[in-house]
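Residue 5 is where the sequence shown starts when you use my numbering, and the numbers rise one by one after that.
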Amino acid sequence: MQLLLTIILDIITPVFILIALGVILHRKFILDLSTLSKLTTYLLLPVIGFVNIYESRIGAEMLLLIFVFWLCQSLVLISMVEVSSKVFKFDKKLASTYKNSIVLNNSGNFGLPVSQLVFAGNSFGQSIQILMMVLQNLLTYTYGLVNSISASTTGMKEVMKQFLKIPILYALLLGLIFNSFSVQVPSFVWQPIENITNAFIAVALITLGAQSAYIKVQKPSLPLVLSLIGRLLISPAAALVIIYLLQLEGTIAQGLFIASAFPSSRNSASFALEYNNYPEYAAQTVLLSTILSSITVTIVVFLSTILF
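Here you go:
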């Protein structure tokens with residue numbers, strides 16, 4: 005009981021205090037969401053990605069295990085949403101948003117700050133979430149994007165073009181090179197890098213709160229309920245089975261289990277809005293899954309400390 009209370013107070017509560025501050029600030033001052041998003045995407049995420057890979061000790065075997073887990077998890081969720089969307093006879097646009105709401109999770113603005121709090125002082129644990137975030141981006145700009153524009157005529161060339169624009173990819177590559185060749189970063193460069201890293205949690209979560217400030221919650225529909233169940237319950241349950249099948253344990257098992265429990269990705273709502281695929285339903289899923297994850301992520305973090 006003491007462990008559960010510690011998780012709630014030291015990990016989950018700080019996350020939602022910052023999200024709430026984002027909501028309050030945006031409602032009072034109307035923050036520039038585009039600027040905040042660019043700050044996170046083009047500065048904070050690349051820097052924190054570089055730092056975690058640079059300081060980590062993840063070997064080739066661990067990289068392979070993380071990739072295999074991610075592939076199995078993705079295939080399970082994709083298979084489930086493809087079948088269930090047909091069973092419930094969702095139209096093409098609704099099915100697109102429904103699939104993305106479950107398969108794509110918020111591994112950046114939400115997942116990475118949570119991981120940093122859970123694995124404070126453990127660069128290996130934090131690096132697991134960094135790698136999962138990169139793989140999630142790959143899934144977002146392949147399956148997620150193609151899924152959203154399936155009624156349009158955009159080829160894989162455009163999809164890969166969007167994916168290759170993600171700056172964190174190059175920051176991770178640089179971190180890997182520096183790590184492999186034991187390159188020493190000069191102190192006058194490392195100091196601002198640390199300052200940026202320390203700013204990440206606050207800026208990312210305040211941005212997430214601001215993005216959710218004006219989303220309206222309406223009467224829950226069947227697709228919304230199914231999305232919440234799939235994203236918050238079935239995803240971590242499937243992850244747990246895969247972890248046991250792969251015989252993973254310790255920090256890697258904890259990191260992957262926790263990474264599977266994060267709420268629906270903001271990208272699923274962005275894609276729905278851009279391609280007019282039930283954007284209100286997508287926005288509600290993001291908001292409610294984020295709120296409810298305060299309970300489900302707490303439970304998953306608690307179970308991860310007991311099981312692994």
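Positions of the beta carbon are idealized from the N, C-alpha and C atoms, including for glycine.
A quick note: this is a predicted structure, and the numbers were derived from the prediction, not measured.
Burial state of residue i (16 or more Cβ within 10 Å)
{"i": "Q120", "result": "buried"}
{"i": "F33", "result": "exposed"}
{"i": "Y46", "result": "exposed"}
{"i": "P240", "result": "buried"}
{"i": "F71", "result": "exposed"}
{"i": "N280", "result": "exposed"}
{"i": "I170", "result": "buried"}
Backbone secondary structure at residue i - three-state DSSP
{"i": "S297", "result": "helix"}
{"i": "S225", "result": "coil"}
{"i": "N110", "result": "coil"}
{"i": "S264", "result": "coil"}
{"i": "A243", "result": "helix"}
{"i": "A273", "result": "helix"}
{"i": "R61", "result": "coil"}
{"i": "P190", "result": "coil"}
{"i": "I219", "result": "coil"}
{"i": "Y147", "result": "helix"}
{"i": "S156", "result": "Interpretation of S156 is limited by its pLDDT of 49, a score under 50 that renders its predicted location unreliable; the figure taken from the coordinates is listed afterwards. Note: S156 maps to coil in three-state DSSP."}
{"i": "K169", "result": "coil"}
{"i": "Q195", "result": "helix"}
{"i": "Y248", "result": "helix"}
{"i": "F185", "result": "coil"}
{"i": "E278", "result": "helix"}
{"i": "F312", "result": "coil"}
{"i": "E253", "result": "coil"}
8 Å Cβ cutoff, residue i in contact with chain D
{"i": "L177", "result": "This model lacks chain D altogether, as it is built from one protein chain only."}
- Query: Three or more beta-carbon pairs under 8 Å between the segment 205 to 215 and the segment 226 to 238, yes or no?
  - Reply: At 8 Å Cβ cutoff, the stretches do not touch.
- Message: For a minimum of 4 consecutive residues, which ranges assigned as the alpha helix (DSSP H) are wholly contained in the segment 81 to 131?
- Response: If we require 4 residues or more, the alpha helix (DSSP H) runs fully inside the segment 81 to 131 come out as 96 to 107 and 116 to 122.
- Item | 4 or more residues per run - each alpha helix (DSSP H) lying fully within the segment 31 to 58 | For the alpha helix (DSSP H) assignment, the uninterrupted runs of no fewer than 4 residues enclosed by the segment 31 to 58 are, from N- to C-terminal side, 37 to 43.
- Task: Please determine if the segment 177 to 184 and the segment 252 to 270 are in contact, where contact requires at least 3 C-beta pairs separated by less than 8 Å.
- Result: Taking a cut-off of 8 Å for Cβ pairs, the segment 177 to 184 and the segment 252 to 270 do not touch, as fewer than three such pairs fall below it.
- Item | Inter-stretch contact at 8 Å, needing at least 3 Cβ pairs: the segment 132 to 147 / the segment 29 to 44 | Segment contact: the segment 132 to 147 against the segment 29 to 44, fewer than three CB-CB distances shorter than 8 Å; contact not assigned.
- Would the segment 294 to 312 and the segment 9 to 26 be scored as touching if the rule is three or more Cβ pairs under 8 Å? Result yes; three or more Cβ-Cβ pairs closer than 8 Å.
- Is the segment 89 to 100 touching the segment 208 to 215 in the sense that three or more CB pairs, one from each, lie closer than 8 Å? They do not touch, by the three-pair rule.
- Message: So, does the segment 119 to 134 touch the segment 95 to 110, judging by three or more C-beta pairs under 8 Å?
- Response: Output reads no: the segment 95 to 110 does not touch the segment 119 to 134.
- Message: Could you check whether the segment 57 to 68 touches the segment 240 to 249, counting it as contact only if at least three pairs of C-beta atoms, one from each stretch, sit closer than 8 Å?
- Response: They do not touch, by the three-pair rule.
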